[in-house]
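Under the UniProt record's numbering, the residues of the sequence shown are numbered 1 to 78, in order.
Worksheet: the structure to be examined is printed underneath.
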Amino acid sequence: MEGDIANMGQFIGAGLAAIGSGAAAIGVGHVAGNFLAGALRNPSAAAGQTATLFIGIAFAEALGIFAFLVALLLMFAV
């Protein structure tokens, strides 16, 4: 019985940590959407902001990957 409760806690924690992956997808959508809105307002400045776009996407994805790794560690740690 005690092992079942520990396993349940692991899976609940992993599920909560996996929410970060969904939040990362929302963050990437915001970064790309704001870039697109800015590029449509001022097309001549869009080329200079492309590097900033990719850096923002990389940071948002890195947080999603960290959340995924935490979820895996919680699920499979003994």
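Glycine included, every Cβ here is placed at the ideal spot set by N, Cα and C.
Just so we're clear, the structure is a prediction, and the values are computed from it rather than from any experiment.
Asked                                                                                                    : Found
Taking just the CA atoms, how far does VAL28 sit from GLY56?                                             : 8 angstroms
With DSSP run on the structure shown, which of helix, strand or coil describes ALA6?                     : helix
In the structure shown, what three-state DSSP assignment does ASN42 receive?                             : coil
Straight-line CA distance for GLY9 to ASN42?                                                             : 50 angstroms
Any chance the stretch 54-74 sits against the stretch 12-25, with 3 or more Cβ pairs inside 8 angstroms? : yes
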